[in-house]
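Here the structure comes first, spelled out in structure tokens, and everything after it is commentary.
In my numbering, the protein residues as written are 42 to 204.
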């Protein structure tokens with residue numbers, strides 16, 4: 042599936058079967074992957090703050106200080122979202138002002154990003170938030186509690202302004 046335009050007038054033309062020439066200046070292909078879901082149990086579903094060894098991304102694997110690792114992992118997730126989240130989508134759907142998207146996901150025992158849920162004022166922003174975090178690579182190492190890997194819940198807000 043390739044999205045060529047979000048222009049409502051162009052969509053109407055295409056839906057009505059009217060043929061028109063489309064000049065493509067830039068073509069961006071968005072990555073869509075199915076969301077992975079796992080069954081969680083209460084005893085191993087831990088918040089990002091409450092465990093012995095936090096999940097570690099590939100970029101942070103050589104750090105040893107817990108606080109440095111935590112900051113590095115948070116920065117990796119934020120930078121990934123900045124690169125992948127299409128903020129221009131908000132203006133395309135007519136949203137204005139401050140926009141907020143709250144994304145919650147789980148870092149599984151295997152280091153995968155699973156069970157992604159997003160909240161926002163518009164469905165398109167929810168879908169975009171899920172799509173952006175769903176492209177995050179697997180973690181180098183999962184969270185550890187009492188020497189065993191655990192599922193770790195992580196929440197990140199996205200906030201931006203649209204003119």
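Where is the CB? At the ideal position from N, CA and C, for every residue including glycine.
### Task
Please classify residue 140: is it buried, with 16 or more other beta-carbons within 10 angstroms of its beta-carbon, or exposed?
So residue 140 ends up on the buried side.
### Task
Determine the burial state of residue 126: buried for a count of at least 16 other Cβ atoms within 10 Å of its Cβ, exposed for fewer.
buried
#### Entry: Classification of residue 201 by the beta-carbon crowding that lies within 10 angstroms, buried from 16 upward
exposed
### Message
Assuming residue 136 and residue 107 are in contact, meaning their beta carbons sit under 8 angstroms apart, how far apart are those beta carbons, in whole angstroms?
### Response
The Cβ separation is near 39 angstroms, so there is no contact.
### Query
When you compare only the Cα positions, how much space is there between residue 10 and residue 92?
In the structure as shown, the chain starts at 42 and stops at 204, and residue 10 therefore has no counterpart that could be examined.
### Message
Which same chain residues end up closer than 7 angstroms to residue 153 when comparing Cβ atoms and leaving out the 5 residues on each side of it in sequence?
### Response
Exclusion of the five residues before and after residue 153 leaves 77 and 179 as the residues of its chain whose Cβ lies within less than 7 angstroms of its Cβ.
### Message
Does any residue of chain D have a CB that is nearer than 8 angstroms to the CB of residue 185?
### Response
Considering every chain present, this structure includes no chain D. It has just one protein chain.
### Query
For residue 97, which beta-bridge partners are listed by DSSP?
Bridge partners of residue 97: 182.
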